[in-house]
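Participant: Numbering (the UniProt record's numbering), first residue to last: 1 to 229. The beta carbon of each residue, even a glycine, is placed where N, CA and C say it ideally should be. Quick caveat: nothing in here was measured; it's all calculated off a predicted structure.
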DNA sequence: CGGGGACCCAAGTTTACCTCA
DNA sequence: GGTGAGGTAAACTTGGGTCCC
């Protein structure tokens with residue numbers, strides 16, 4: 001299945017979000033930082049220093065209510081840029097990025113974890129959409145094949161009646177049967193046929209072959225044909 | 001070789017903040 | 001303008017894997 005993003009470090013995906021202006025919709029590249037007149041609360045290291053610590057959030061939260069950091073546009077842009085280059089960070093990269101962004105290494109680490117999760121979620125959603133469409137087309141194809149099977153069954157029920165020019169008696173009709181393994185239609189006879197009946201059954205066989213070949217060229221053509229057939 | 005600590009990550013959850021009807 | 005619902009993302013928890021001593 002070819003639903004994978006073009007680059008593992010960059011999801012080629014554009015999603016539509018409702019804009020702040022009502023029913024208008026704006027396109028948002030998930031790899032781009034929201035821009036324009038979006039309101040962003042400036043991250044402040046000063047307020048965070050007391051209430052948070054690395055790997056100690058729970059204890060800190062017990063003391064004071066958790067304050068939510070909002071990254072600035074510039075911080076988000078740099079983080080996205082870094083994420084595009086690498087989806088994971090080694091300790092040195094994390095430290096350097098945290099220094100550059102004036103964030104704590106733990107915050108950079110958490111951002112990367114959440115970013116990876118978001119990427120994976122988007123990819124899963126895209127795959128889900130792809131599978132839905134595939135399912136729809138397969139359902140339609142299945143309906144078409146069912147109709148063809150019905151046509152073939154109808155032919156089996158009403159075979160052409162042939163009168164022998166010699167005996168003026170109805171000849172034993174050949175029957176159309178369907179191979180259970182490959183579902184191809186074949187003609188069989190219950191008795192040995194004379195030359196005339198062979199000719200007449202050939203017409204039915206041709207028709208059956210035409211239909212079965214139609215089936216074969218659609219969905220069933222990838223089906224492995226059993227050696228017995 | 002097994003135990004324990006440190007570290008990292010994925011998955012899931014909680015929660016603060018934002019937008020919109 | 002106030003409010004509740006729903007969305008988003010930062011932060012947290014948990015469990016599993018790996019590495020090193």
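Taking 7 Å as the limit between beta carbons, can you name the residues of its chain near residue 21, skipping five residues before and five after?
Facilitator: Residue placement at residue 21 cannot be trusted, given a pLDDT of 30 that sits under 50; the coordinates are not used to answer.
Participant: How many Å lie between residue 71 and residue 138 at the Cα?
Facilitator: Residue 71 and residue 138: Cα-Cα distance of roughly 46 Å.
Participant: Taking 7 Å as the limit between beta carbons, can you name the residues of its chain near residue 111, skipping five residues before and five after?
Facilitator: For residue 111, where only same-chain residues beyond five positions count, the Cβ hits under 7 Å are 79.
Participant: Applying the criterion that 16 or more other CB atoms from any shown protein chain within 10 Å of the CB defines a buried residue, is residue 75 buried or exposed?
Facilitator: Under this definition residue 75 is a buried residue.
Participant: On the CB-based measure, 16 or more other CB atoms within 10 Å of its CB, does residue 95 come out buried or exposed?
Facilitator: Under this definition residue 95 is an exposed residue.
Participant: Considering just the uninterrupted stretch of the alpha helix (DSSP H) at residue 142, what are its terminal residues?
Facilitator: Residue 142 -> alpha helix (DSSP H) spans 105-157.
Participant: Buried or exposed for residue 109, please, with buried defined as at least 16 other CB atoms from any protein chain shown within 10 angstroms of its CB.
Facilitator: Counting Cβ neighbours within 10 Å, residue 109 comes out buried, since at least 16 surround it.
Participant: Can you grab the Cα-Cα spacing for the pair residue 158 / residue 143, in whole Å?
Facilitator: One C-alpha to the other measures close to 23 Å.
Participant: So what's residue 73 in DSSP terms, helix, strand or just coil?
Facilitator: DSSP places residue 73 in helix when its eight states are reduced to three.
Participant: Does the stretch 122-136 come close enough to the stretch 89-107 that 3 or more CB-CB pairs lie under 8 Å?
Facilitator: Touching, no.
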